[in-house]
Amino acid sequence: MDLGFSEDQDELRQSVRRFIDQQFPRASVRTRLEAPESFDAATWQRAAQLGWSGLLVAEEHGGGSVTSQPLIDLYVLVEELGRSLQPWPVVSTNIIAAALADAGSDEQRKTFLAPLLAGEVTAAWCVANTPLSGADDRDTFDAARNGDGYRLTGIKPYVLDGQGSEFLLVDAVVAGSATRFIVPTATSGVTVVRRQAFDLTRRIDEVHFADVVLSADAVLDDGPEVAAKLEQDLRIATAMVVADSVGGQEAITEMAIEYAKIRVAFGRLIGSFQSMKHKLANMHSQLEASRATAYYAALAVNDRSDDADYAVSAAKSYVNDAYVAMANDNVQAHGGTGFTWEHDAHLYLRRAMTNQLLFGDSRDHRERVFALATDG
Amino acid sequence: MDVDLDSEPTSPEEYEPYRATVRAYITEKAPHHGGNRGPDTPEQLLALVGFLREFRAAGYPLTTPYGIPDDRPVDPIEKQIVADELAAAGIPVFAGNPVGVWAISTFGSDEQKQRYLPHFLAMEQVWTQLFSEPDAGSDLASLRTTAVFDGDDYVINGSKIWSSYAHLAQYGLLLARTDSSVSKHNGISAFILDMSLPGITIAPLKQMTRDEEFNQVFFDNVRVKPAERIGEEGDGWPIARASVNAERLSVGGVSRRPAMSPLPPLIELAHRKHKDGTAPADDASVRQDIARLHARAHALKCLRFVLMTRQARDRMGPADASVAKVMSTDLRLEAFAFGASLFGSQGLYEDGVVTDRAGVHWWQDNFLFSRALIIGGGTNEIQRNLIAERGLGLPRDNSAAPAGGRGA
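Quick note, the sequences are listed as chains Z and X, same order.
Mapping to this note's numbering: the first sequence position 140 is 142, numbers consecutive.
Mapping to this note's numbering: the second sequence position 138 is 558, numbers consecutive.
Structure below.
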């Protein structure tokens, strides 16, 4: 029994951190808060060439993991991204790439997978409206048969990085059965509408489908296993939101500690006041428990364990609630400075509250925790 | 996955007959006091110790408290099976507080190890801890009990408090001041104390739970041989700190599964139907609150495995034990309080038998006892100070501002 990262994974973490420090540190993220795109294509391409896009894709299809635990590798990468509020579409890219490698026709792999892995294009994931997908009444999307092909109508809300994407993975339910489509974003009738996201470091769009007519070859996967594959992709996406949160928790804990060691009030370092010590001790404790829980969830999903759903839902609710509480504490620990636009504290608070909502909020995941705990 | 976080015991199939034998032995012979945190009366304690002694003599491997090394070869799977089965039956694997034995195994002389360890492992001794004093609790280093060397013996005078099972123990780990002329941390020594020595008086303390597990112990010119000192004179403080840390890891549930987690009983309670056919779980807020506690308990289980991994890799941090202790004791208190609240107005009475979780009294009693865990082994407030100062490197309370600090 061993619940710790391997040396190769520690190494991966260091290399990711170096890349971010050199190519796109938090100060760079800041310069793009109000820009149309949260990242630049050239940097993403360099990141993709390091293998960030294909950790869940087999080598024969152009991907490859670092260790024998691809999801733990992805976990390490995503934790580091969350640490410095990175905008990269790493999770959706990895999920879409794996879906293409798994079920794509040769044509689809050639057209979509190869450039996606190379970072030449990006793709966005329009998730089906299933429990814990994060969708709600705003989702008016519908997909139906149309002769030999299909017709897509309505709105897919809450799509990460829709604008600028080359194509979409659209999860739909057609006549009761789960179906996955690959749809070029330039397809007639598809419009990506930019909304102002509460999380200033991310772009969260709506994708509108105005009677989009697709031929049968737009289908990526409609076999009997699709529903199960979607479930697993949702587990991965949810576990990775949690990983992002742990990285953020670590960053704000360090930030608050550092400030408590330099800021003086009443002739003393504020870190010598017991009320500050207890606040920071609680942040540290929550970080420790959160990382353990998040790691376990990623491991459970990686290994497809029986308790994966429980592990993911417990982690999603516990870690993200802790992240929000800690991000609040971090603002408070910085006093008036923490309330300013220029300080990064609000960026973490916004990201924490966003992570709390993505792929099912804490309340929904707690319902599942209770149900699964009841079943045994 | 090779990590089992569930209480549902699993082991290779060829061990199933062994498990059945263990279970049958426990069912037949274990004393059933129905308690949930250890024996409450002298009779119960003696019955428990007697059972464990026979159990071990029959060849079954016990998990030693605080990681005290066993003196017999042990099959790890058999050991895990025994631990699971004892935990499932609510049987503790030791009685009293053997932190003194841990100190001997870590800091004692070879002679001390030979004299005490085999007897303790054979369940022939109950130990107590003689650390806290009426005026030195969380601020342990202020202790005032003295040990004055008169040429032959150390002569002990003073008083200790909160010593669990001192009235039933044969030995104690004593901290006493051997030198008042040096700083308070440097003048302390650690001793093995035979509790039957002349001059020792033990007065039980009744707790808010009605139990009398704690004691105050008075020393009036108690004579202790130099051979009973652990380490050198003045080594007492680091020995005490390490011992408290070992104890804290145990309270925090790092080295042993909590005897009975409150969560499964909470779920059960939530589904128990009222007369009108409804159940607490029909209420979404109840489901939410229980799930919140459940996820926290799960998080602590995960943390426990991370800390065990760190222990195995020799990478424990100075705050790790405190983190586990604070989080697990806070959670226990809240979980038992929540369980009691599900009984509604029945909580106006001490309804039911204290040993039966079907009644509110079990929840009330566990809730009250949880207070002891939040205070004992260094209050959770002190733990948070330790986390901040030793773990995070924050300045001590009395530090003045350094030159160059920022401020208004």
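From the three backbone atoms N, C-alpha and C, an ideal C-beta is built for every residue, glycine too.
| Check | Outcome |
| --- | --- |
| For residue 327(Z), I'd like the list of residues in its chain whose CB is within less than 8 Å of its CB, leaving aside the five on either flank, ordered along the chain. | 288 |
| Consult DSSP for residue 144(Z) and reduce its assignment to one of helix, strand or coil. | strand |
| Roughly how many whole angstroms lie between the Cα atoms of residue 184(Z) and residue 93(Z)? | 17 Å |
| In the DSSP output, what is residue 591(X) paired with across the bridge? | 547(X) and 614(X) |
| Grouping DSSP H, G and I as helix and E and B as strand, with all else coil, what is residue 206(Z)? | strand |
| Mind listing the chain Z neighbours of residue 627(X)? Cutoff is C-beta to C-beta under 9 Å, in chain order. | None at all; the shortest Cβ gap to chain Z is about 27 Å. |
| Quick one: is residue 644(X) buried, meaning 16 or more other Cβ sit within 10 Å of its Cβ, or exposed? | buried |
| Alpha carbons only, please: which of 208(Z), 319(Z), 104(Z) and 13(Z) is nearest the one belonging to residue 227(Z)? | 104(Z) |
| Answer yes or no: does any C-beta atom of chain Z fall closer than 8 Å to that of residue 571(X)? | no |
| In this structure, does DSSP put residue 196(Z) in helix, strand or coil? | strand |
| Does the pairing of the region 483 to 502 of chain X with the region 557 to 566 of chain X give three or more beta-carbon distances under 8 Å? | no |
| Whose CA, out of 305(Z), 300(Z) and 292(Z), lies closest to the CA of residue 718(X)? | 292(Z) |
| Spell out a yes or no on whether the region 703 to 721 of chain X and the region 355 to 374 of chain Z are touching, meaning 3 or more CB-CB pairs, one atom from each, closer than 8 Å. | yes |
| Quick check: what's the CA-CA separation for residue 676(X) versus residue 510(X)? | Residue confidence for residue 676(X) is low, a pLDDT of 38 falling below 50, so the modelled location carries little weight and cannot support an answer. |
| Could one say the Cβ of residue 472(X) lies closer than 8 Å to chain Z's Cβ atoms, at least one of them? | no |
| Output, in chain order, the set of chain Z residues within a Cβ distance shorter than 7 Å of residue 815(X). | 271, 273 and 274 |
| Taking residue 218(Z) and residue 176(Z) to be in contact with their CB atoms under 8 Å, please state how far apart those CB atoms are, rounded to whole angstroms. | Going by Cβ atoms, the distance from residue 218(Z) to residue 176(Z) rounds to 12 Å, so no, they are not a contact pair. |
| DSSP three-state call for residue 636(X): helix, strand or coil? | strand |
| From residue 585(X) to residue 648(X), what does the alpha carbon distance come to, in whole angstroms? | 21 Å |
| According to the Cβ coordinates, are residue 161(Z) and residue 206(Z) closer than 8 Å? | yes |
| From residue 778(X) to residue 772(X), what distance separates their C-alpha atoms? | 7 Å |
| Can you find the residues in the same chain that come closer than 6 Å, C-beta to C-beta, to residue 536(X), ignoring five residues on each side of it along the sequence? | 524 |
| Looking at chain Z, is there any beta carbon in it that lies within less than 8 Å of the beta carbon of residue 635(X)? | no |
| Residue 211(Z) bridges to which residues according to DSSP? | 156(Z) and 192(Z) |
| Just how far apart, CA to CA, sit residue 798(X) and residue 602(X)? | 24 Å |
| Which partner residues does residue 553(X) have in the DSSP bridge list? | 556(X) |
| Would you please state the rounded distance, in angstroms, between the beta carbons of residue 55(Z) and residue 119(Z)? I believe it to be under 8 Å. | 5 Å |
| Is there a C-beta anywhere in chain Z that falls below 8 Å from the one on residue 829(X)? | Examination of residue 829(X) is not possible in this model, given that chain X is present from 421 through 828 alone. |
| Measure the C-alpha to C-alpha separation of residue 811(X) and residue 142(Z) and round it to an integer number of angstroms. | 51 Å |
| What do you get for residue 628(X), buried or exposed, if any count of 16 or more other CB atoms within 10 angstroms of its CB means buried? | exposed |
| Alpha carbon to alpha carbon, how far is residue 373(Z) from residue 301(Z)? Give it in angstroms, no decimals. | 22 Å |
| By a C-beta neighbour count over all protein chains shown, 10 Å radius and 16 as the cutoff for buried, is residue 95(Z) buried or exposed? | buried |
| Over what stretch of residues does the beta strand (DSSP E) that includes residue 580(X) continue unbroken? | 574 to 581 |
| I'd like to confirm the pairing. Which residues does DSSP put opposite residue 183(Z) in its beta bridges? | 172(Z) and 221(Z) |
| Would residue 189(Z) count as contacting chain X if we go by Cβ distances under 8 Å? | no |
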